[in-house]
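Working notes, beginning with the structure itself.
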Amino acid sequence: MYKLQRIDGDHAILVSADENVPLLNHSGDPILPVAEDVAKMLLNDFKKGDMYDEDENFIPQRSYIYCNLSSLTALKLEDEEEYELDVTEVMQWDRAFRLQADGGEEYAAVKAVRDFFGEDYINLPLNYAESVEEMNDEDKLPDHIAQRIQDLVNDFNLKETMAVDMLLEHFQMTSVALVVLWVKQKISTSDFVYAMVLLTGYFDAGTSLEDIKTVKWVNNMVKKMERFGQYLASEEIY
Numbered sequence: 686m687y688k689l690q691r692i693d694g695d696h697a698i699l700v701s702a703d704e705n706v707p708l709l710n711h712s713g714d715p716i717l718p719v720a721e722d723v724a725k726m727l728l729n730d731f732k733k734g735d736m737y738d739e740d741e742n743f744i745p746q747r748s749y750i751y752c753n754l755s756s757l758t759a760l761k762l763e764d765e766e767e768y769e770l771d772v773t774e775v776m777q778w779d780r781a782f783r784l785q786a787d788g789g790e791e792y793a794a795v796k797a798v799r800d801f802f803g804e805d806y807i808n809l810p811l812n813y814a815e816s817v818e819e820m821n822d823e824d825k826l827p828d829h830i831a832q833r834i835q836d837l838v839n840d841f842n843l844k845e846t847m848a849v850d851m852l853l854e855h856f857q858m859t860s861v862a863l864v865v866l867w868v869k870q871k872i873s874t875s876d877f878v879y880a881m882v883l884l885t886g887y888f889d890a891g892t893s894l895e896d897i898k899t900v901k902w903v904n905n906m907v908k909k910m911e912r913f914g915q916y917l918a919s920e921e922i923y
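The structure is reproduced here in C-alpha cells:
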C-alpha cells in the first residue's frame, strides 16, 4: 500500500509504505507531485476501492483518480498542455440516442440527456454499422446534436478531457453524451452509473432500474465515481 509524502508546504506524492518508492504512472514514470489535497484524494481512493486482484496484487489502475493523474503526468513529461478529443463520429453509436424498441427503462435512464436536448432529443434505431459510411442518412444522428456535446468537450480543461477519454474507454463507448454531461455536472453520479450499466449491457434485457439500484457492485461503482467527481471538481492539481 501507499502513504503520503510531503514535497513542500503545498504538494505531495504517494510512496510505497515499506520502501518509500514513488507511485509510478502507466509508463513507469513517477507520478508528478500534486496539491496535497489531491494526493489525499488519491490515497483515500486507494483505501476505499477494490484495488487488489485475486492474487492479492495491487492494481492502481482500478482508481479513476490514478488513471487521470497517470495520463496527466505522461502529457506533462512530454510538454503537452492540450489534448484534442473529437467525439462527433463516435456519437453515431451513442446508446442514449438509440434505445431498445421497448426501452421504457432505458428511456427513463437517459432523462438527463433528454432534458438537456429538449425538443432536439431524438431516438434512432440501434446502429449496427461498422463505419459512418455504411449508415443510411436517415439513421444518422443530426450534426447539431453531436456538435452540442463536442462544444462542451472543447470547453473542458485538460483534466476533464482526459476523464472523458478514459470513461468512454471504460464504458465501451456506450454513451458519449452521458459521460460528457456527468463531467459537466449535468447529471447526478448515481443516475449516470445506473444509466451506463443498463445501456452497456451488464444486465439481462428487461432488468429494471429499481433492480439495478439494489446491486452491491453497482452501488460500489457509484461511490467510486463520486470520489472521482470530487477530484474532478478540485480547482488545483499541480
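For the sequence shown, the numbering used here assigns the number 686 to the initial residue and increments by one for each residue that follows. Built from N, CA and C at the ideal position, the CB exists for glycine as well. Note that the coordinates shown come from a computational prediction; the quantities given were computed from them, not determined experimentally.
Between which residues of its own chain and residue i is the CB-CB distance below 7 Å, once the five residues before and five after are set aside?
i: Ser755; result: Asn710, His711 and Ile716
i: Lys825; result: Gln777
What number of angstroms, rounded off, separates the C-alpha of residue i from the C-alpha of residue j?
i: Trp867; j: Pro707; result: 31 Å
i: Glu972; j: Asp771; result: The displayed coordinates of the chain run from 686 to 923. Any statement about residue 972 would go beyond what the structure contains.
i: Val775; j: Asp800; result: 21 Å
i: Glu739; j: Ile872; result: 34 Å
i: Gln915; j: Met726; result: 8 Å
i: Val865; j: Asp703; result: 39 Å
i: Ala797; j: Lys909; result: 21 Å
i: Ala759; j: Met847; result: 11 Å
i: Glu819; j: Arg783; result: 17 Å
If you run the structure through DSSP and keep just helix, strand and coil, what is residue i?
i: Gln785; result: coil
i: Lys688; result: strand
i: Glu755; result: The displayed chain sequence assigns Ser, not Glu, to residue 755. In this structure, Ser755 counts as helix in the three-state DSSP scheme.
Closest Cβ-Cβ distance between residue i and chain C: below 8 Å?
i: Phe841; result: Looking for chain C here will not work: only one protein chain is present.
Per DSSP, residue i forms a beta bridge with which residues?
i: Phe743; result: Tyr737
i: Ser701; result: Tyr687
Kindly list the residues whose CB is nearer than 8 Å to the CB of residue i, restricted to its own chain and excluding five residues on each side of it in sequence; keep chain order.
i: Met736; result: Phe743, Ile744, Pro745, Arg747 and Ser748
i: Ile897; result: Tyr879, Val882, Leu883, Phe888 and Val903
i: Asp828; result: Thr773
i: Glu767; result: Leu843
Cutting at 6 Å between CB atoms, please list the residues of its own chain near residue i, excluding the five before and the five after it.
i: Asp779; result: Ser860, Val861 and Ala862
i: Ala781; result: Val795, Val798, Ser860, Ala862 and Leu863
i: Asn753; result: Met847 and Ala848
Can we say the segment 802 to 813 touches the segment 882 to 895, given the rule of at least three CB pairs closer than 8 Å? no
Touch check for the segment 792 to 799 and the segment 836 to 855: three-plus C-beta pairs under 8 Å? no
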